[in-house]
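Colleague: Take the sequence shown: its letter number 10 is residue 454 in my numbering, and every next letter is one higher. C-beta atoms are modelled at their ideal positions from N, C-alpha and C, and glycine is treated no differently. Bear in mind the structure is a predicted one, so any value in this text is a computation, not a measurement. Let me begin by handing over the structure; questions about it come next.
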Amino acid sequence: MDRKEILNELKKVLTPYTEDKAMVDGITEETDLIKDLKINSANLVDIIIDAEAQYDIEIDFDAAEKMYNVGNCIDVIAEKLNKHA
Numbered sequence: 445m446d447r448k449e450i451l452n453e454l455k456k457v458l459t460p461y462t463e464d465k466a467m468v469d470g471i472t473e474e475t476d477l478i479k480d481l482k483i484n485s486a487n488l489v490d491i492i493i494d495a496e497a498q499y500d501i502e503i504d505f506d507a508a509e510k511m512y513n514v515g516n517c518i519d520v521i522a523e524k525l526n527k528h529a
């Protein structure tokens with residue numbers, strides 16, 4: 445799965461937690477989950493749980509701490525998928 449495929453799937457994970465649904469269409473790797481998408485910190489845990497289910501991976505605490513923008517989320521997911529393969 446390449447970065448673009450991960451991004452497209454990640455948009456589906458993020459959409460329910462994003463206040464402004466139109467923002468999801470314009471997500472880039474630089475998009476900040478809290479500042480740009482207005483996702484509250486409590487929902488970040490839900491996003492991690494949903495991402496684990498979506499990609500059939502396990503995201504540990506250290507990896508979860510890195511997931512503050514879309515690019516970092518893709519990095520973590522890609523790394524876990526590569527280990528899983």
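1. Determine the closest residue to I492 out of E473, E449, K524 and M467, with distance taken between C-alpha atoms.
2. Taking one C-beta from the segment 471-489 and one from the segment 452-462 each time, how about it: are there three or more such pairs within less than 8 Å?
3. According to DSSP, is N513 helix, strand or coil?
4. What does the alpha-carbon distance come out to for the pair K510 and D469?
5. Is D490 helix, strand or coil when you go by DSSP?
6. How should N526 be labelled, buried or exposed, when 16 other C-beta atoms within 10 angstroms of its C-beta is the threshold for buried?
7. Given F505, which residues of its chain have a CB within under 8 Å of its CB, disregarding the five upstream and five downstream residues?
Modeller: In brief:
1. The residue labelled residue 492 in the question sits at position 48 within the sequence shown. Checked all of E473, E449, K524 and M467; the closest Cα to I492 is K524.
2. The segment 471-489 vs the segment 452-462: in contact.
3. Here residue 513 refers to the residue found at position 69 when the sequence shown is read from its first residue. The answer is strand: DSSP assigns N513 an E or B state.
4. Start at 1 with the first residue of the sequence shown, and residue 510 comes out as number 66. Start at 1 with the first residue of the sequence shown, and residue 469 comes out as number 25. Looking at the two C-alpha atoms, the distance is approximately 23 Å.
5. Taking the first residue of the sequence shown as 1, we reach residue 490 at position 46. Residue state, collapsed to three classes: helix.
6. Within the sequence shown, the letter at position 82 stands for residue 526. The residue in question, N526, is exposed, as its Cβ has fewer than 16 Cβ neighbours within 10 Å.
7. Residue mapping note: residue 505 aligns to position 61 of the sequence shown, counting from 1. Same-chain partners within the cutoff: there are none.
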